[in-house]
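Numbering (the working numbering), first residue to last: 10 to 483.
What follows is a short report on a single structure.
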Ligand code: BG6
């Protein structure tokens with residue numbers, strides 16, 4: 010098939026697969042999944058026997074679906090490669106079903122079997138749940154009830170479940186979700202997506218730390234004074250009121266993306282850099298992040314909402330935070346006492362995600378900051394004090410700068426969702442969150458969730474376009 014790989018040199022592990030997308034007409038699918046699948050097909054990174062099945066409640070045809078999706082918006086030309094497009098359309102079918110009807114799952118089972126029969130091989134089956142988290146459990150149960158959690162009887166192919174965050178709304182519901190999912194799909198079948206982990210710049214933190222031993226030696230409270238991980242967005246909620254209103258910034262961003270990045274920055278070096286050892290090291294450090302004490306929530310956690318948000322979501326009393334910042338501490342030898350600040354917000358002045366590691370200064374304030382620029386202007390930068398040329402002894406902060414644009418010119422890197430899809434097809438769990446990690450991050454935030462539910466007096470309102478949000482001075 011043109012566009013899809015039929016050799017095994019480039020990606021030896023990719024196998025025939027059926028990717029079933031629940032919620033194919035939704036925002037995530039249109040903005041990320043379908044464009045990523047298109048790019049993988051264009052670059053020949055999927056097996057030639059790959060089929061996409063779009064689950065929908067309506068009667069939409071594949072053609073109508075593609076007429077409404079911008080697959081190549083990020084390409085410089087904005088024009089799709091006609092061959093790749095044809096391949097993708099030719100391998101996408103829609104399946105109309107009611108997500109609550111058990112018999113519809115039986116029909117889905119028959120459809121997947123028929124696809125395998127037509128292809129003459131057992132295929133990996135991936136169920137991508139791009140649907141509201143409130144309906145995860147009913148769908149997962151019905152998949153199990155109709156035997157859709159099992160693999161093809163006659164081959165090695167695997168069946169996998171891909172779920173998007175949020176994994177629960179608090180510690181209790183996350184525990185329930187994990188336990189109930191576990192009754193249908195084994196942990197090795199579940200891929201909990203955190204697309205931040207799949208970002209090239211986040212993976213490069215691991216490379217930076219563990220392949221450059223000069224920094225590993227400095228990686229502790231002895232040399233590091235503080236760490237800050239911030240993800241500022243210029244966009245607001247972009248019409249996603251139903252998704253965002255019950256969540257807010259703490260659940261949408263900090264529970265998942267920022268605590269995962271924190272684990273990558275602070276974990277011990279695993280003996281081996283493979284999925285299992287990386288997860289063990291991450292779990293270890295995450296289990297030592299101290300839950301914010303209930304009586305310190307006001308002091309250590311800040312929440313804000315941008316003005317105009319309430320009108321946007323049509324709820325004049327909404328107390329959902331669009332900005333959240335908190336300071337956490339890790340109770341282990343390496344990090345004890347070092348403040349780690351996590352912050353995220355929407356409708357701020359610029360889009361900027363970075364990890365900033367500040368080293369103790371020779372005297373007083375830190376002068377050396379190491380900045381991982383996750384996005385945009387991806388790169389790594391180290392601030393150094395230098396002597397200003399001349400007869401005086403004036404100092405100046407200068408930066409040693411590695412930039413993806415400059416150093417890897419013409420080497421585009423895969424989008425995070427392309428990475429997510431490829432890894433799920435080939436069964437690599439490294440860049441997905443384990444149930445332990447999910448629970449550990451909820452444990453850290455549970456007191457905040459509880460305190461915030463009691464009162465919203467501390468909610469600060471900020472103007473869209475603000476550079477940052479500050480706590481009101483008393
Ligand atoms: C998603 C959040 O996980 O990440 C969104 O639900 C957010 O609210 C998005 O806008 C940001 O992702 P990125 O890759 O654009 O930084």
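Glycine included, each C-beta is placed from N, C-alpha and C at the ideal position.
Next item on the list: Reducing DSSP to helix, strand and coil, say where residue 318 ends up.
Entry: In the structure shown, residue 318 sits in a helix (DSSP, three-state: H, G or I).
Check: How many angstroms separate the CA atom of residue 264 from the CA atom of residue 271?
Finding: Roughly 11 Å between the two C-alpha positions.
Note to self: Can you give me the C-alpha to C-alpha distance between residue 187 and residue 449, rounded to a whole angstrom?
What the structure shows: Their backbone Cα atoms lie some 13 Å apart in a straight line.
Margin query: Any heavy atom of ligand 1 closer than 8 Å to the beta-carbon of residue 205?
Written below: Yes, the Cβ of residue 205 comes within 8 Å of a heavy atom of ligand 1.
Next item on the list: For residue 329, verify whether its CB is less than 8 Å away from any heavy atom of ligand 1.
Entry: No, Cβ of residue 329 sits at least 8 Å from all heavy atoms of ligand 1.
Note to self: Using only CA atoms, which one of 77, 204 and 278 lies nearest to residue 174?
What the structure shows: The shortest C-alpha separation from residue 174 is found at 204.
Notebook entry, point to check: If we count Cβ pairs, one from each stretch, closer than 8 Å, do we get three or more for the stretch 253-261 versus the stretch 320-332?
Noted result: Contact between the stretch 253-261 and the stretch 320-332 is present: three or more C-beta pairs spanning the two stretches fall below 8 Å.
Item checked: Residue range of the unbroken alpha helix (DSSP H) whose run includes residue 272 -> That run of the alpha helix (DSSP H) goes 268-275.
Note to self: Assess contact between the stretch 125-145 and the stretch 390-409, defined as three or more Cβ pairs (one per stretch) separated by less than 8 Å. Is contact present?
What the structure shows: A contact is defined here as three or more CB-CB pairs under 8 Å, and the stretch 125-145 fails this definition with respect to the stretch 390-409.
Next item on the list: For my contact list, residue 201 and residue 442 are in at a C-beta cut-off of 8 Å; report their separation, rounded to the angstrom.
Entry: Yes, they are in contact, since the Cβ atoms of residue 201 and residue 442 sit about 4 Å apart, within 8 Å.
Check: Can you tell me whether residue 232 is buried or exposed, with buried defined as 16 or more other CB within 10 angstroms of its CB?
Finding: So residue 232 ends up on the exposed side.
Margin query: For residue 409, list the residues DSSP reports as bridge partners.
Written below: In DSSP, residue 409 forms a bridge with 391.
Notebook entry, point to check: For residue 406, is the beta carbon positioned less than 8 Å from some heavy atom of ligand 1?
Noted result: Checking the 8 Å criterion, the Cβ of residue 406 is out of range of every heavy atom belonging to ligand 1.
Item checked: Cβ-based burial, residue 29 [other Cβ within 10 Å; buried from 16] -> Flag for residue 29 reads buried.
Check: So who's on the other strand from residue 396, going by DSSP bridges?
Finding: Under DSSP, residue 396 takes part in a beta bridge, and its partners are 404.
Check: At which residue ranges does the stretch 138-206 contain complete beta strand (DSSP E) runs of 3 or more residues, listed in the order of the chain?
Finding: If we require 3 residues or more, the beta strand (DSSP E) runs fully inside the stretch 138-206 come out as 168-173 and 199-202.
Notebook entry, point to check: Helix, strand or coil: which one does DSSP assign to residue 27?
Noted result: Looking at residue 27 - three-state DSSP - the assignment turns out to be strand.
Notebook entry, point to check: Taking C-alpha atoms, which residue in 100, 368, 376 and 371 lies nearest to residue 58?
Noted result: Residue 100 is the option with its Cα nearest to residue 58.
Checklist line | Beta-carbon spacing of residue 118, residue 155 below 9 Å | finding: Contact flag set, yes.
Notebook entry, point to check: Residues bridged to residue 313 by DSSP?
Noted result: Beta-bridge pairing links residue 313 to 332 and 469.
Notebook entry, point to check: If we ignore side chains and look at the alpha-carbon of each, how far apart do residue 295 and residue 226 end up?
Noted result: A direct Cα-Cα distance of roughly 21 Å separates residue 295 from residue 226.
Check: Taking residue 353 as the reference, which of 445, 182, 299 and 476 has the closest Cα?
Finding: By alpha-carbon distance to residue 353, the top candidate from 445, 182, 299 and 476 is 476.
Checklist line | Outcome for residue 72 when other beta-carbon atoms lying within 10 angstroms are tallied against a minimum of 16 | finding: Under this definition residue 72 is an exposed residue.
Margin query: Do residue 103 and residue 148 have their beta-carbon atoms positioned less than 9 Å apart in this structure?
Written below: No. Outside cutoff.
Check: Is residue 381 helix, strand or coil by DSSP?
Finding: DSSP places residue 381 in strand when its eight states are reduced to three.
Check: Rounded to whole angstroms, how far is the Cβ of residue 208 from the Cβ of residue 425, which I believe are closer than 8 Å?
Finding: With a Cβ gap of about 5 Å, residue 208 and residue 425 count as contacting.
Next item on the list: Go ahead and label residue 90 buried or exposed: buried means 16 or more other beta carbons lie within 10 angstroms of its beta carbon, across all protein chains shown.
Entry: Result: buried.
Margin query: When you measure from the CB of residue 120 to every non-hydrogen atom of ligand 1, does any distance come out below 8 Å?
Written below: Residue 120 Cβ: outside cutoff for every heavy atom of ligand 1.
Margin query: Looking at the secondary structure, which residues open and close the beta strand (DSSP E) in which residue 104 lies?
Written below: Note, residue 104: beta strand (DSSP E), 101-105.
Next item on the list: Below 7 Å CB to CB, which residues in the same chain sit around residue 322 once its five sequence neighbours on both sides are set aside?
Entry: Excluding residues within five positions, the ones whose Cβ falls inside 7 Å are 250 and 254.
Note to self: If you reduce the DSSP assignment to three classes, tell me which class residue 58 lands in.
What the structure shows: The answer is coil: DSSP assigns residue 58 none of H, G, I, E or B.
Item checked: Whole-angstrom distance between residue 106 and residue 481, CA atom to CA atom -> Here the alpha carbon of residue 481 sits roughly 51 Å from the alpha carbon of residue 106.
Notebook entry, point to check: Using the C-alpha atoms, what's the distance from residue 114 back to residue 157?
Noted result: A direct Cα-Cα distance of roughly 8 Å separates residue 157 from residue 114.
Item checked: Coarse secondary structure for residue 18, derived from DSSP in three states -> Low confidence applies here, because residue 18 scores a pLDDT of 41, under 50, leaving its location unreliable; read the following figure in that light. In the structure shown, the three-state DSSP call for residue 18 is coil.
Margin query: As a quick exercise: from 314, 279, 320 and 66, pick the residue whose alpha carbon is nearest that of residue 469.
Written below: Nearest option by C-alpha distance: 314.
Notebook entry, point to check: Using the rule of at least 16 other Cβ atoms within 10 Å of the residue's Cβ for burial, across every protein chain shown, is residue 269 buried or exposed?
Noted result: Residue 269 counts as buried, since at least 16 other C-beta atoms from the protein chains shown sit within 10 angstroms of its C-beta.
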